[in-house]
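Asks:
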Amino acid sequence: MSDHSTTSEWYKNPAEREVLKTDLLTLNMGPQHPATHGVLRVEIKTDSEIVVEAIPHIGYLHRCMEKHCEGLDYRGIIPYTDRMDYLGAMGMEWGYALTLEKMLGTEVPQRAEYIRVLVAELQRIASHLMFFGTYAIDLGAFSPFLYAFQDRETILRIFEELSGARLLYNYIWIGGVWNDITDGQLRRITKFCEEMSESLKKYHALVGENHIFVGRTANVGMMSKELCFDHGATGPILRGSGVNWDLRKNRTYGLYKDLDFDIIVGEGIKGQVGDCWDRYWVRMQEMHESIKIIKQCLDGIEEGPIIGKVPKVIKIPEGEIYMRTECPRGELGYHLISNGGKTPYRLKVKSSCFTHVGLLPEVAKGQMIADFVATIGSIDIVLGEVDR
Amino acid sequence: MDMTNVNPHEDTLTFKKWFQNVWRGFSTAIKGMGITFKYVYSVKPVTIEYPEVREELPKNSRSRLFNDVQNCISCHMCATACPVDCIYITAERREKDAPKLKTSDGTAIRLDLKQYTIDTALCCYCGLCTTVCPTQCLTHTTDYEYAAYTVDSMKYDYTSPEIVAWRERLVK
Chain B
12 MSDHSTTSEW YKNPAEREVL KTDLLTLNMG PQHPATHGVL RVEIKTDSEI
62 VVEAIPHIGY LHRCMEKHCE GLDYRGIIPY TDRMDYLGAM GMEWGYALTL
112 EKMLGTEVPQ RAEYIRVLVA ELQRIASHLM FFGTYAIDLG AFSPFLYAFQ
162 DRETILRIFE ELSGARLLYN YIWIGGVWND ITDGQLRRIT KFCEEMSESL
212 KKYHALVGEN HIFVGRTANV GMMSKELCFD HGATGPILRG SGVNWDLRKN
262 RTYGLYKDLD FDIIVGEGIK GQVGDCWDRY WVRMQEMHES IKIIKQCLDG
312 IEEGPIIGKV PKVIKIPEGE IYMRTECPRG ELGYHLISNG GKTPYRLKVK
362 SSCFTHVGLL PEVAKGQMIA DFVATIGSID IVLGEVDR
Chain P
1151 MDMTNVNPHE DTLTFKKWFQ NVWRGFSTAI KGMGITFKYV YSVKPVTIEY
1201 PEVREELPKN SRSRLFNDVQ NCISCHMCAT ACPVDCIYIT AERREKDAPK
1251 LKTSDGTAIR LDLKQYTIDT ALCCYCGLCT TVCPTQCLTH TTDYEYAAYT
1301 VDSMKYDYTS PEIVAWRERL VK
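Top line first, the protein sequences correspond to chains B and P.
For the first sequence, the tail end lands on 399 under our numbering, and the numbers increase by one without skipping.
For the second sequence, the tail end lands on 1322 under our numbering, and the numbers increase by one without skipping.
(1) For B/Gly-4, which residues from the same chain have a beta carbon less than 7 Å from its beta carbon, with the 5 sequence-adjacent residues on both sides left out?
(2) Per the contact definition of three or more C-beta pairs closer than 8 Å, is the segment 265-272 of chain B in contact with the segment 210-227 of chain B?
(3) In the DSSP output, what is B/Pro-67 paired with across the bridge?
(4) Whose C-beta lies closer than 7 Å to the C-beta of P/Leu-1320 among residues of the same chain, with five residues either side of it excluded?
(5) Bridge partners for B/Lys-376 per DSSP, in chain order?
(6) Taking buried to mean at least 16 other C-beta atoms within 10 Å of its own C-beta, is B/Asn-255 buried or exposed?
(7) Thinking B/Val-50 and B/Ile-66 are a contact (beta carbons under 8 Å), I'd like their distance in whole angstroms, please.
(8) Which residues bound the alpha helix (DSSP H) around B/Met-114?
(9) Using 8 Å as the Cβ pair cut-off and three pairs as the minimum, do the segment 323-330 of chain B and the segment 111-127 of chain B touch?
(10) Identify every run of the alpha helix (DSSP H) within the segment 188-236 of chain B, keeping only runs that are complete inside it and at least 4 residues long; order them along the chain.
(11) How big is the Cα-Cα spacing for B/Glu-331 and B/Ser-349?
(12) Let's test the definition: count the other Cβ atoms within 10 Å of the Cβ of B/Ile-304 and tell me whether it reaches 16, buried, or not, exposed.
(13) In whole angstroms, what separates the C-alpha of B/Pro-355 from that of B/Gly-87?
(14) Pull up the distance between the alpha-carbon of B/His-139 and that of P/Ser-1224, whole angstroms please.
(15) Mind checking if B/Gly-277 is an interface residue toward chain P, Cβ cutoff 8 Å exclusive?
(16) What separation, rounded to the nearest whole angstrom, lies between the Cα atoms of B/His-367 and B/Gly-395?
(17) Does DSSP put B/Gly-311 in a helix, in a strand, or in coil?
(18) Check this for me: beta carbons of B/Thr-187 and B/Pro-247, under 8 Å apart or not?
(19) Would B/His-73 count as contacting chain P if we go by Cβ distances under 8 Å?
(20) Less than 7 Å between C-beta atoms, sequence neighbours within five positions excluded: which residues of the same chain meet that for B/Leu-179?
(21) Among the candidates B/Glu-300, B/Glu-164 and B/His-242, whose CA atom is the shortest distance from the CA of B/Pro-372?
(22) If the criterion is Cβ atoms closer than 8 Å, does the pair B/Glu-132 and B/Ser-301 meet it?
(23) Grab me the residues of P/Cys-1276's own chain with a C-beta within less than 7 Å of its C-beta, minus the 5 sequence neighbours each way, in chain order.
(24) Take the Cβ of P/Val-1203 as the centre, count every other Cβ of all protein chains shown within 10 Å, and call the residue buried at 16 or more, exposed below.
(25) Beta-carbon of B/Gly-87 versus every beta-carbon of chain P: anything under 8 Å?
(26) Could you work out which residue in B/Ala-46, B/Gly-106, B/Pro-42 and B/Glu-172 is closest to B/Leu-358 when comparing CA atoms only?
(27) Just confirm the distance between the C-beta atoms of B/Thr-345 and B/Thr-33, as a whole number of angstroms; I'd bet it's less than 8 Å.
(28) If you run the structure through DSSP and keep just helix, strand and coil, what is B/Arg-335?
(29) Taking C-beta to C-beta, are B/Leu-335 and B/Val-393 nearer than 8 Å?
(30) Report the rounded CA-to-CA distance for B/Ile-55 versus B/Pro-155, giving the unit in angstroms.
(31) With P/Asp-1307 and P/Tyr-1266 assumed to form a contact (beta carbons below 8 Å), what rounded beta-carbon distance in angstroms separates them?
(32) What would DSSP say about P/Met-1227, mapped onto helix, strand or coil?
(33) Could you give the C-beta distance for P/Cys-1228 and P/Cys-1283, rounded to a whole number, given that I count them as a contact under 8 Å?
(34) Does the distance from the CB of B/Asp-149 to the CB of B/Ala-216 come in under 8 Å?
(35) Residues in its own chain within less than 7 Å of P/Ser-1177 by CB, not counting five upstream and five downstream?
(36) Where does B/Ser-389 sit, in a helix, a strand or coil, going by DSSP?
This is how it looks when you write it as structure tokens:
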């Protein structure tokens, strides 16, 4: 090392080259990076453009939701559940309402059950459209985002008329739903479904079949079945890795047992099973399935009451329960412990996004930075749900 | 060509594959361009030019809260239901010889409302307070343009005369 006079000579010597190892560059991606979908900070150690290590830092959106709930009455918690996953708020409310209904033994009227499935599936479409748009932006395409928002706007408009708010609905209540759905709205949903199945095909041709998009996502960010099982991945991630698991079918709740739909499983059409393209494809196909479910609901919905008998002051009998539902992003579980009072003793939320963030360090190893962005986008995280 | 289980990064590039790649890139891009081009003329604009064109919110839209204090019986139901505790009420018992007051739906008013303040900056617009109101005097209006310069000015005392004057405009 001392004699540097003949540069090419010492470089050729493998023993000396060993000493001249390149240093890893630490790079902070986020918390205000557009590709991290919120306030996720990923500390990346890079060797030129290869990610050697990625450490996600979470907690920027932590709002002590679980602790707050311990001081709130059971109805007052519903607005807080909205604010966890603000892109799939209906699913969050439904899971919570189901938890309490199971503890109380409340019967939910048939019409309310239909409306719940209807809004939850519409919300799933809205959430997946958001994924579709932002994922295209992550990979450098801008116009799909605008198209997706145009359709999402129709759904949000219906929700706004239904509940009064665009994102944080407080619509699904314990024992039923808040407002009744009108025939005019049902007709609009029917029309929307017809338009949507046409535009979904168009969107897939525009983005999913595009050679550049395929090049950026196929064989990128592979998550094997075993990796998903090890980290407890759920939802489209698990299904994208080729596991046939959907709580709507496997641990059925609501009206899903009577409805006919398929579980979409990644097949590795453009690359290998469990790559980013598969996760994208699972979500796109799930929207078609959601439309199928909505159509069945529109046929089956009947007149009737929309809210069951619930005591004015809700007191949950002593005990505990774990209830899980399939939200747009994966499994959402509520673990409620009650000691018989007006407020919960403890409400623990199992969020899917939190477990999915744990997958990132495993997948990131050896990826290019650009591929890492594609991987973050493909797991579709909402930081509100990660931190709660 | 069957692309299944072939990693393009590891695969050797042949002439055939190179041309296939070029063709696939070209054809799918043209297809996407065609879809985008359709949007130029066949789709109506969906955005509105906000300050000139104002959208009317749906009737049950949950925007600014308004309390019609003449019908309020100071029952504290809204303040109890509020998950963020943003409603502050001060009320005193009415004197016995004072004239008897009733709300528009006939409920007797037994308490004098001294102060009814909602911190709009703290409010989460969940609508739980309006659902528990027994006289339905507390309602969400469709008023949505009320940005303010200071947080303090977001606190509305609904007993103050200028806010009572909103009644003409807001209550239908």
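Beta carbons are placed, not taken as given, at the ideal position from N, Cα and C, and that holds for glycine.
This structure is a prediction, so every number in the text was calculated from the model and none was measured.
Replies: Taking the coordinates as given:
(1) Past the boundaries of the shown model lies residue 4 of chain B; chain B is included only from 12 to 399, so the question cannot be answered.
(2) no
(3) B/Val-53
(4) Phe-1216, Thr-1291 and Asp-1293
(5) According to DSSP, which records beta bridges pairwise, B/Lys-376 is partnered with nothing at all.
(6) exposed
(7) Their Cβ separation, rounded to whole angstroms, is 15 Å, which puts B/Val-50 and B/Ile-66 out of contact at 8 Å.
(8) 100-115
(9) yes
(10) 194-214 and 222-228
(11) 6 Å
(12) buried
(13) 11 Å
(14) 45 Å
(15) no
(16) 13 Å
(17) helix
(18) It is worth fixing the name first, because residue 187 of chain B is Gly in this sequence and not Thr. Against a cut-off of 8 Å, the Cβ pair of B/Pro-247 and B/Gly-187 comes out as no contact.
(19) no
(20) Pro-90, Asp-93, Arg-94, Tyr-97 and Ala-100
(21) B/His-242
(22) yes
(23) Pro-1233
(24) exposed
(25) yes
(26) B/Gly-106
(27) Reading the sequence as shown, one finds Tyr at residue 345 of chain B and not Thr. So it is not a contact: roughly 48 Å between Cβ atoms.
(28) strand
(29) First, the residue type needs correcting, since residue 335 of chain B is Arg and not Leu in the sequence shown. Not in contact: B/Arg-335 and B/Val-393 (Cβ atoms no closer than 8 Å).
(30) 29 Å
(31) 7 Å
(32) helix
(33) 6 Å
(34) no
(35) none
(36) helix
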